[in-house]
Structure formats: structure tokens, C-alpha cells
Amino acid sequence: MLSLEGNWISDIRPLMGLKKLRRLHLSNNQIEEVSPLAGLTELWQLWLERNPIRDLTPLSGLNLTDLNISNNPIKVSDISPLAALKELQTLDLLNSGVSDIRPLSGLTELRTLLLKGNPIRDLTPLSGLNLTNLKYDVIGQTKGQTDFAEAWMPDPALRTAVRGEIGLLPDVPLTKERMRSVGYIDIAGKGISDLTGLEFATNLRELDLRDNPITDLRPLANLMTLGRLYLSDILPSTPTLDLRPLANLINLEELTLENSKVSDISPLARLKKLRILNLSHNDISDLRPLGGLRELRKLQIRGNPIKDFTPLSGLNLEHLK
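Residue numbers (numbering that gives the first Met the number 0): 0 to 320.
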């Protein structure tokens, strides 16, 4: 195994002679040309994240099972050379400018495929694969996806984002039962306004809803397993954001509500397990509801019209801003 990550390397010709090399990590360098790797046929793991690679053709003759070419600043849109990697089991293409995934349709050994951050409109090329871990973003409605069976989640932006987050192909319905198996959802900045349907994610441990125009938090009210909830920059259409639906989330340890039109934080008084709380840039003046949060260690409250900080005097804060 050879790791040369983060070394500003641009020329990898010295690696040409390492014919027995099996694992090679070259992420975070300045590599444009990967042809020196073409003869390293013993390689099974190759990580090339964050390199300005222009052409993947030299990789087509390798016997890779694990390939990472994510976050390429040049955006390698043509992934047709990957069609030859028949042994590939894990492929990371996050943020790589890929729109056409037809070259992946014959990779029958593929189990993990990461496609988030790519302008993909058609997922049907993946329908014949036995993927166990799929992540994607889709521009517009996915081809082959129907809405009528998913009316219990009425916001199309939420529905599309959740499907991509849990990796459902177009012909696989999003059901309430599937929601119950989800432990983590990151759907920040997806234009979501209605959270209806998330109430079925009853085993959710972490939820990121930042930068969405959300007004009603009631669908979150019974997600008792939530430990981390991110609600910054949601800017509801109402004058203030009603936090009462959060009062039952007694297992929350981290909550962010920065810049979200919050004024009344009394519902947070019941969240006794909170350790990290960000309430910056709101309209909060009364801190008394925080006085009993004995586990709180990090509190951010800047940008609020607060005059009395004495309610915090009994807390064991390690970080206050």
C-alpha cells in the first residue's frame, strides 16, 4: 500500500515500475495525466480524489475493485473508460460533472456507487445492478419515477431529495416502511418547504435541513431518536419559527437554528441532553429556557438582542460566543 495524498504531486511517472502495488492513494494532488498507472495491473484500490484528471482511458485496463475519482476540479464528464472495469465493487464519483451514467450499466459487481453532486437526469442505466449503497442528486424528475404512490410525501423537492439520499432507483417506490430504516438524511439546500412524510423516519439519528424555506416543523415532532438536527438558514415565510414541535426530541445532543427567525426558545427547555446549540442571528431576548440544560457545553448566541445573561451562570459551558 502506498499513500501519497496531499503532496502537490503532478508527475507520477516514477510509479510506473511498481508492478506489484495493490493499493494506491493519490488524493489531493495536481495529477492531470494517469497514463503511468496503465501497467499497474495488480492494483485493486485506487484513490484519485481532487485531482485535475482529464482522461480516464489509461485506467480501463486495470483490475480495480475500489476507485475514487470524486471532486475532480476539471469535471471528467466522460466515464466511458470505466465500462471496462468489470470487477469494480465501489465507485466514488461525487461532484465530478457526470451526467451520462450509461457506461456503468454493465458493472454487475458494483455494490457502492456515490453520485451526489452530478447533473444526472436518467438513472435507468442502473436498474440492472445489485447496488446496496447508492447516493445521488437528480436534476428535475427522475425518468421512470412516478408520484402517485408517494403522495404521502407531497413536496416533490423533498421526495426527490430523500430518494437520492437513500439511493432508490426510479422503479423502486419510496415507502413509509423504507423511511423507518433510514438513519441519516442530508437534504440541505434542496428548495424544500413541506416536511410532511419525514414523520415516518422514526429511526432517524441525524437530519440536515439547512437552507430550505421551511415553515412548519410538526412532521419532526415524534422523531425521538434524533441526536443531531440542523435547521440553520431555513427562513420561514412566517414572522417567526415555531419551535414547539421540537420539545419532544429529548435525545437531541446537537441543534443548530442560526439565522432562522427564532424568537421563543422555551420549547428547548426540555432538551436536557443538548451539548451543542447554535442560536446565532435570531430575535432571541430571553435565555431563561436554557438555564436547566446542564449538559450544554457549546452555545452560540451572537446576533441576538440579549441583555441578561445570568440564566447561563449555572451552566458548565466550555465555549460561549
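The beta carbon of each residue, even a glycine, is placed where N, CA and C say it ideally should be. A quick note: this is a predicted structure, and the numbers were derived from the prediction, not measured.
Neighbourhood of residue i by C-beta, 8 Å cutoff - its chain only, sequence neighbours within 5 removed
i    : result
E108 : T64, K85, E86, L87, Q88
N221 : E198, T201, N247
K115 : L93, N94, K134, Y135, D136, G163
K272 : I249, N250, L251, E252, E294
S98  : S76, N117, P118, I119, R120
I303 : In the sequence as presented, Ile is not what sits at residue 303; that position holds Asn. L278, S279, H280, N281, D282, I283, S284, listed in sequence order.
R274 : E252, E253, E294, L295, R296, K297
T40  : K18, G60, L61, N62
L219 : L194, L197, E198, L206, L225, L228, P244, L245, L248
G29  : The sequence shown places Gln at residue 29, rather than the Gly named in the question. Around Q29: W7, I8, S9, N50, P51.
Contacting residues, own chain, Cβ-Cβ under 6 Å from residue i (five flanking each side not counted)
i    : result
R227 : E205, E253
G290 : P310
Q140 : Only weak support exists for where Q140 lies, its pLDDT of 48 falling under 50; the value from the coordinates is given anyway. Nothing meets the Cβ criterion.
Q299 : N277, S279, K320
G188 : D210
M15  : P35
L25  : L3, L47
N67  : W46, E48, D91
R217 : P244
R101 : P124
L270 : L251
With 16 other Cβ atoms within 10 Å as the buried cut-off, status of residue i
i    : result
P279 : In the sequence under discussion, the amino acid at residue 279 is Ser, which differs from the Pro named in the question. Looking at its Cβ environment, which holds 16 or more other Cβ atoms inside 10 Å, S279 is buried.
S69  : buried
A233 : Residue identity differs from the one stated: residue 233 is Ile in this sequence, not Ala. Its Cβ being crowded by 16 or more others within 10 Å, I233 is buried.
N129 : exposed
Y183 : exposed
W46  : buried
A150 : exposed
T255 : buried
D307 : exposed
D91  : buried
E176 : exposed
G166 : buried
P72  : exposed
M178 : buried
T131 : exposed
E257 : buried
S231 : buried
N6   : exposed
T237 : exposed
L316 : exposed
R49  : buried
T159 : buried
L267 : buried
L1   : exposed
S180 : exposed
S259 : buried
is_contact[residue i, chain D] using C-beta, thresh 9 Å
i    : result
L113 : In the displayed structure, chain D is absent; only one protein chain is listed.
Beta-bridge partners of residue i, as assigned by DSSP
i    : result
T111 : T89, N132
Q44  : R22, D65
L228 : L206, L254
L1   : L23
D185 : D207
Sequence-distant residues of the same chain with beta carbon closer than 7 Å to residue i, five excluded per side
i    : result
P153 : D193, T195
D185 : E164, D207
V171 : none
I213 : I191, S192, L194, I233, P235
R287 : P310
E265 : Correcting the residue identity first, residue 265 is Ser in this sequence and not Glu. For S265, where only same-chain residues beyond five positions count, the Cβ hits under 7 Å are P288.
L20  : L1, L39, E41, L42
Jot down the residue ranges of each uninterrupted beta strand (DSSP E) in the stretch 247 to 318, minimum 3 residues, whole runs only, in chain order.
-> 253 to 255, 275 to 277, 297 to 299
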